[in-house]
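Engineer: Residue numbers (my numbering): 3 to 70. One structure is given below, represented as structure tokens, and several questions about it will come after.
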């Protein structure tokens, strides 16, 4: 299963790269996706906005991973 969340805002300035996880819930989102054998990626840049891509498995491993 995958979902993309995208905006057309200013994007995240490069000087904030690596600091994004503080106070924006990104660390929590990435950890939860990983616990469910998924992935949460953030793409951003000045002039094209931000895209958050969440991918989670739908296979047999999904229920066991989600119950942890």
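Quick reminder that beta carbons are idealized off the backbone N, C-alpha and C, glycines included.
Would you kindly report the start and end of the unbroken alpha helix (DSSP H) that includes residue 41?
Structural biologist: Element bounds for residue 41: not the alpha helix (DSSP H) but the beta strand (DSSP E), 41-47.
Engineer: Between 52, 30, 35, which lies nearest to residue 3 when the distance is taken from Cα to Cα?
Structural biologist: 35
Engineer: What does the Cβ neighbour count give for residue 46, buried or exposed, with the cut at 16 atoms within 10 Å?
Structural biologist: buried
Engineer: To the nearest angstrom, how far is the alpha carbon of residue 67 from that of residue 13?
Structural biologist: Its pLDDT being 48, under 50, residue 67 is placed unreliably in this model, and the coordinates cannot settle the point.
Engineer: Taking the straight line between their C-alpha atoms, what separation do you get for residue 41 and residue 9?
Structural biologist: 20 Å
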